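Below: the structure, in structure tokens.
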Amino acid sequence: MSNVVLQPLDAVADIGGLDRTICPGCGNGDAKDFLQGPDRFNGRRKLYRLVRCSQCSLVFLRNPPPASEMAEHYGSDYDRLIGKGASSLGYWEPRKRLISHYKAAGTLLDLGCSSGSFLESMRGPHWQLAGIEMSADAAKMAEARSGGQIFHGDILEASFPPESFDVITCFDVLEHVYEPRSVLAKVREWLKPDGIFYLMVPNIDSAAVRVFRSYWYGLELPRHLTHFSPDSLRAMAAVVGLETTALPANRFPAVEYSARYLVDDLLRGMGASRTPLSLTPELGIPGRIARKAFRLCILPLVHIGISLVGPEEYIHAVLTKNMSFTSTPRGARAQDLVL
Ligand SMILES: [Zn+2]
967 MSNVVLQPLD
977 AVADIGGLDR
987 TICPGCGNGD
997 AKDFLQGPDR
1007 FNGRRKLYRL
1017 VRCSQCSLVF
1027 LRNPPPASEM
1037 AEHYGSDYDR
1047 LIGKGASSLG
1057 YWEPRKRLIS
1067 HYKAAGTLLD
1077 LGCSSGSFLE
1087 SMRGPHWQLA
1097 GIEMSADAAK
1107 MAEARSGGQI
1117 FHGDILEASF
1127 PPESFDVITC
1137 FDVLEHVYEP
1147 RSVLAKVREW
1157 LKPDGIFYLM
1167 VPNIDSAAVR
1177 VFRSYWYGLE
1187 LPRHLTHFSP
1197 DSLRAMAAVV
1207 GLETTALPAN
1217 RFPAVEYSAR
1227 YLVDDLLRGM
1237 GASRTPLSLT
1247 PELGIPGRIA
1257 RKAFRLCILP
1267 LVHIGISLVG
1277 PEEYIHAVLT
1287 KNMSFTSTPR
1297 GARAQDLVL
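Read in this note's numbering, the sequence shown has 1191 at position 225, and its numbers run on one by one without any break.
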């Protein structure tokens, strides 16, 4: 990693086309094939190629859809499934606890805030809330739920004053944007000198990728354009002057969905017709009971097995402009930050 040659930002500006050969992290032009797979969520056949930069180790989608066509790869089925986890009771508690190790009050901006589930969980007298959201409907909902200032549009088009936030958060978003490095540069501009940036992204070097390869649910082809590891995230952050102060992680192999993709593919190979996950209806009561039993009895053992294969599936990084400030978070020891 110490030999990474960093190119100026201009060199990586043209990354929205259909054949990306330049690494969106460091600007290097030498990337090797990593793996390939289709959009399994929607049951489509077009193959997407992931390549890995030989310098900074970032994995990125070589042939993404143009930005003008990306909306076709999302839709209400995707929103429904993704929103399910975030709506569950207590989902945000570990994330709020991590923030509280650094900051107890102030201004907070959530990038890609969706319908405001996280912002609503932070609502109260201690925080002045803001968000950025691409979807007009979701932005409106976020404003109503959080009482915050929500910018509707692209992160790079928002114009908050420099050094205006104590905390900026970004959960499951950076991997979706075409220009992650420019977003990090914006974050650096908007953070107060002692502010923190807390982001969460899937880990391409995780055990689940080693086990399931292109069948891992978290790959989300072609919606995930950039696939980070702790090393490549640290390198990209360093390019814009952000330092990584903590890298806690959590396990999320998504065994049920990943195994479902694998089985679907096997059955299709034998000529069977399979409904893609995006169109699969909710389980009935017997199905839900069976799923509950699986989650209680089998899944913990599967997770133990997977944990022997490699690191956790999600990176929770805390970045700062000034490492010396956050090297000792408020009353926290490093092990307290593990989620
Ligand atoms: Zn690179």
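For each residue, glycine too, the CB sits at the ideal point set by N, CA and C. The structure presented is a predicted model; accordingly, all values stated were derived computationally and were not measured.
- Bridge partners of A1096 according to DSSP: L1075, Q1115.
- Here the distance from the Cβ of L1245 to the nearest heavy atom of ligand 1 is not below 6 Å.
- The criterion of a C-beta distance shorter than 7 Å is not satisfied by C1079 and E1109.
- If you compare the alpha carbons of H1118, N1288, R1189 with that of P1004, the shortest gap goes to R1189.
- Just measuring C-alpha positions, the residue of G1250, C1136, L1064 sitting nearest S1083 is C1136.
- Taking the Cβ atoms as the reference, P1030 lies roughly 5 Å from L1191, within the contact range of under 8 Å.
- In this structure, H1118 lies away from A1096, with their beta-carbon atoms at least 7 Å apart.
- Here A1256 is exposed, its C-beta having fewer than 16 other C-beta atoms within 10 Å.
- Here DSSP, grouped into helix, strand and coil, assigns I1255 to helix.
- By the beta-carbon neighbour count (other beta carbons within 10 angstroms, threshold 16), T987 is exposed.
- Non-local C-beta neighbours of L984 in its own chain, meaning closer than 6 Å and more than five positions away in sequence, comprise N1029, ordered along the chain.
- Leaving aside the five residues that flank R1179 on each side, the residues in its chain whose CB is nearer than 7 Å to its CB run, in chain order, L1001.
- Set against 6 Å, the gap from the CB of N1008 to the closest heavy atom of ligand 1 is not smaller.
- Apart from the 5 residues on each side of it in sequence, P1159 sits with its Cβ closer than 7 Å to the Cβ of E1129, K1287, N1288 in its chain, given in chain order.
- Proximity of the beta carbon of G995 to ligand 1 is not indicated: no heavy atom of the ligand is located closer than 6 Å.
- Judged by the Cβ position, L1024 qualifies as a neighbour of ligand 1 at the 6 Å threshold, a heavy atom of the ligand being closer than this.
- Shortest gap from the CB of Q1094 to any heavy atom of ligand 1: 6 Å or more.
- Within the same chain, and ignoring the five residues on either side of D1076 in sequence, the residues whose Cβ sits closer than 6 Å to its Cβ are F1084, L1085, G1097, T1135.
- Proximity of the beta carbon of Q1002 to ligand 1 is not indicated: no heavy atom of the ligand is located closer than 6 Å.
- In the structure shown, the three-state DSSP call for C1019 is strand.
- Taking C-alpha positions only, D1231 is separated from S1224 by approximately 11 Å.
- Separation of C1022 and A1033 (C-alpha to C-alpha, rounded to the nearest whole angstrom) is 25 Å.
- C1079 has its Cβ no nearer than 6 Å to any heavy atom of ligand 1.
- Short of 7 Å from the beta carbon of R1154, and not among the five residues preceding or following it, lie these beta carbons of its own chain, in chain order: V1206, G1207, L1208, K1287.
- At the C-beta level, F1131 and L1157 come within 7 Å of one another.
- Taking every protein chain shown into account, the CB of L1016 has 16 or more other CB atoms within 10 angstroms, so this residue is buried.
- Secondary structure at P1196: helix, using DSSP grouped into helix, strand and coil.
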